[in-house]
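Read in order, the letters of the sequence shown correspond to residues 116 to 532 in the numbering used here.
Below: one structure, written as C-alpha cells.
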Amino acid sequence: MTTTVPGISGALDTADEIAATLASPSAVLPEGYRGDGRHWPQSLAGGAAGIALLHVERARSGHGDWATARAWLAEAASGSISAASNARLFFGAPALAFVFRVAAESTGHYRGTLAALDDATLSVTRAAIAAAHARMDRRERPELGEFDLIRGLAGLGAYHLAAHPGHEVTRAVLACLARLTEPLPGAGDGLPAWWTSASPSGKPSPDFPGGHGNFGMSHGISAVLAVLSLSILRGVTVPGAADAAGRICAWTDQWRDGDQGDPWWPGIITVRQAQARHVDPALRPRPSWCYGAAGTARAQQLAGLALGDPDRCAVAEAAILAVLRDPAELGRLTELGLCHGTAGLLQAAWRMAADASSREIEAELPGLAARLATQLAQWEDNNPELLDGTAGAALVLHTAGTGGAPEPHWDAFLALA
Numbered sequence: 116m117t118t119t120v121p122g123i124s125g126a127l128d129t130a131d132e133i134a135a136t137l138a139s140p141s142a143v144l145p146e147g148y149r150g151d152g153r154h155w156p157q158s159l160a161g162g163a164a165g166i167a168l169l170h171v172e173r174a175r176s177g178h179g180d181w182a183t184a185r186a187w188l189a190e191a192a193s194g195s196i197s198a199a200s201n202a203r204l205f206f207g208a209p210a211l212a213f214v215f216r217v218a219a220e221s222t223g224h225y226r227g228t229l230a231a232l233d234d235a236t237l238s239v240t241r242a243a244i245a246a247a248h249a250r251m252d253r254r255e256r257p258e259l260g261e262f263d264l265i266r267g268l269a270g271l272g273a274y275h276l277a278a279h280p281g282h283e284v285t286r287a288v289l290a291c292l293a294r295l296t297e298p299l300p301g302a303g304d305g306l307p308a309w310w311t312s313a314s315p316s317g318k319p320s321p322d323f324p325g326g327h328g329n330f331g332m333s334h335g336i337s338a339v340l341a342v343l344s345l346s347i348l349r350g351v352t353v354p355g356a357a358d359a360a361g362r363i364c365a366w367t368d369q370w371r372d373g374d375q376g377d378p379w380w381p382g383i384i385t386v387r388q389a390q391a392r393h394v395d396p397a398l399r400p401r402p403s404w405c406y407g408a409a410g411t412a413r414a415q416q417l418a419g420l421a422l423g424d425p426d427r428c429a430v431a432e433a434a435i436l437a438v439l440r441d442p443a444e445l446g447r448l449t450e451l452g453l454c455h456g457t458a459g460l461l462q463a464a465w466r467m468a469a470d471a472s473s474r475e476i477e478a479e480l481p482g483l484a485a486r487l488a489t490q491l492a493q494w495e496d497n498n499p500e501l502l503d504g505t506a507g508a509a510l511v512l513h514t515a516g517t518g519g520a521p522e523p524h525w526d527a528f529l530a531l532a
C-alpha cells in the first residue's frame, strides 16, 4: 500500500534540536502534572506517554538513545493506570499499550508489561463493544465518545488492528463499527446512523438543536472510515465492512464542496444545514488533522484504496494538493501541533504522498516541512505535548527527515496508517 518518500533535508536536524529539549522528564515537567486527565503521565495526548513515543521512535531509528526512551516510558507508567471507562487509545491502559508495543517490537523488552496492558485493553474494548451493541439494540443514537478515535471504538479498533489483527476482539470491534453505520430502524429523518444528538463537545447545547453530524478524524466518522479501510487493505475483513465504508463515503460525497481542483468537506453539519442541504463556504474548516483536509482527505484516500475506487483517491489527493499549494489555506494553520496545526497536515500529506498515483504531493513536502521548522523556531509556547505541542512536531519532522515510519507505525494512533 505504501511506497517510500525520500527524506527531507534539514527536517531531521530540527527534530534533533527539539528532542534534545525534551530529553529529561524532570526538566520538561519540573512541577509535575496538572490535575486534568489530559496531562496525566498515562495520556498520549498531553502526558509522558506521548513524549515517550517520540523518544522510542528516535531510538528505534538510531537517531536517539534508549536510555532517554526508557526514562520517559518509566514516567509514563508511573502511578495508577486506568482500565476504567475513561481508558481509550489516548488515555490509560490502551495508550500505554500502544507506546509500549512500539518499544517492545523494537527491543524485545517490556513483554511482561505489554501483556498486562494488552489484557487490560482487551477488557476495556469488550466492555465498549457490549455497550455500543446494547445502544444499537435500543435503537438510540450514539454519543461521539462511543465511536470516535480519541474516546471511542475507532481508537480501540486502530490499536487492535495494529497490535493483533487476527484476534477475535479485533474482528469484533470492526464488526461493531460496521454495524454503527447501518440505518437505525424506524428513523425517518434522513440523518445517518452515526448522527449524534449532542454538540461537538459531546454535551447538549442550544447552539446544536437536534445535534450534529461530524466529519472529523478526531471525533467524527472519518476515523471509522479510516479504520475500516485500513482493515480491508490489510486483509482483516469482517462481513459488512466494505458496505459500511461505502455508506460513509456516500454520505461524505453528498457534502463534498468546492470544485474538481479544490474539493473540501465540512467539519460538522447541523440539522438546519442538513435540511437546507447547504453549508456556507465560509464555514470551511482549516486544513487540520482533527476536522479539516489533513484528516478527511487521508480517510477518503484510504477508502479509495480499500474499495478499489481510483476516482475517490484522485479527489482526496486533489484536496490535499490544493491546500499545500494555497498560501491562504496554509496560513490558517497558526498552530504547529498534530491536532490543529501544521504538523498534522505534514504527516497526513506525507502518508498520502506515499500512496498517491503521482509525485505531486511529494514535491510539496519540503516546503511544508520548512514551514513547520520556521514555526518551531518562532514558537513562544513551551508546550511539550505530543498532540498539540513540540513533541508531535518533532516526531513529524523526524519522520520527514528519515523518510520512514516502520511498523509498528507510530501514526496509527492518528488513523493515518
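Built from N, CA and C at the ideal position, the CB exists for glycine as well.
CB-CB length for residue i against residue j, believed under 8 angstroms
{"i": "Leu169", "j": "Leu137", "result": "7 angstroms"}
{"i": "His327", "j": "Ser403", "result": "The Cβ separation is near 18 angstroms, so there is no contact."}
{"i": "Leu66", "j": "Val342", "result": "The chain is shown from 116 up to 532; residue 66 falls before or after that span and cannot be answered."}
{"i": "Ala472", "j": "Cys428", "result": "The question names Ala, but residue 472 in the sequence shown is Ser. Contact holds; Cβ gap of about 7 angstroms."}
{"i": "Leu491", "j": "Leu451", "result": "6 angstroms"}
{"i": "Thr457", "j": "Arg486", "result": "6 angstroms"}
{"i": "Leu417", "j": "Ala160", "result": "Not quite, the Cβ-Cβ distance comes to about 23 angstroms (not below 8 angstroms), so this is no contact."}
{"i": "Thr311", "j": "Pro257", "result": "6 angstroms"}
{"i": "Ser337", "j": "Thr285", "result": "Contact doesn't hold; Cβ gap of about 20 angstroms is too wide."}
{"i": "Gly147", "j": "Trp155", "result": "In fact, because the Cβ distance is near 10 angstroms, the residues do not count as touching under 8 angstroms."}
Residue i (DSSP reduced to helix, strand or coil)
{"i": "Pro378", "result": "strand"}
{"i": "Ile123", "result": "coil"}
{"i": "Thr296", "result": "coil"}
{"i": "Thr129", "result": "helix"}
{"i": "Thr262", "result": "Here residue 262 is Phe; the residue named in the question, Thr, does not match the sequence. DSSP places Phe262 in helix when its eight states are reduced to three."}
{"i": "Arg387", "result": "helix"}
{"i": "Ser312", "result": "coil"}
{"i": "Ser158", "result": "strand"}
{"i": "Arg173", "result": "helix"}
{"i": "Asp441", "result": "coil"}
{"i": "Gly325", "result": "coil"}
{"i": "His524", "result": "coil"}
{"i": "Gly267", "result": "coil"}
{"i": "Glu283", "result": "helix"}
{"i": "Ser320", "result": "coil"}
{"i": "Ser141", "result": "helix"}
{"i": "Ala532", "result": "coil"}
CB of residue i within 9 angstroms of CB of residue j, strictly
{"i": "His334", "j": "Leu264", "result": "yes"}
{"i": "Leu259", "j": "Gly317", "result": "yes"}
{"i": "Ala273", "j": "Leu340", "result": "no"}
{"i": "Gly459", "j": "Ala409", "result": "yes"}
{"i": "Arg173", "j": "Ala134", "result": "yes"}
{"i": "Pro396", "j": "Gly407", "result": "no"}
{"i": "Val239", "j": "Ala198", "result": "yes"}
{"i": "Val217", "j": "Arg175", "result": "yes"}
{"i": "Arg392", "j": "Gln369", "result": "yes"}
{"i": "Arg387", "j": "Trp380", "result": "no"}
*Starting from the N-terminal side, write out each stretch of the alpha helix (DSSP H) that is 4 residues or longer and does not extend beyond the region 328-376.*
Counting whole runs of 4 or more residues, the region 328-376 contains the alpha helix (DSSP H) stretches 336-348 and 356-370.
*Are there three or more Cβ pairs, one per stretch, closer than 8 angstroms when the region 346-363 is compared with the region 429-436?*
no
*Any chance you could list the alpha helix (DSSP H) runs of at least 4 consecutive residues sitting entirely within the region 459-511, in chain order?*
475-493
_Complete beta strand (DSSP E) runs within the region 395-437 (minimum length 3 residues, chain order)_ = Within the region 395-437, no complete beta strand (DSSP E) run reaches 3 residues.
*Meets three-Cβ-pair contact criterion under 8 angstroms: the region 233-250 and the region 179-191*: no
*Does the region 193-206 come close enough to the region 268-286 to have 3 or more Cβ pairs within less than 8 angstroms?*
Under the 8 angstroms Cβ criterion, the region 193-206 counts as touching the region 268-286, having at least three qualifying pairs.
_List, from N- to C-terminal side, the alpha helix (DSSP H) runs of 4 residues or more that fit wholly inside the region 187-252._
208-222 and 226-252
_Stretch pair the region 294-308 + the region 216-234: three plus CB contacts closer than 8 angstroms_ = no
*Are the region 120-127 and the region 474-487 touching, with three or more C-beta to C-beta distances below 8 angstroms?*
Enough Cβ pairs lie closer than 8 angstroms, so yes.
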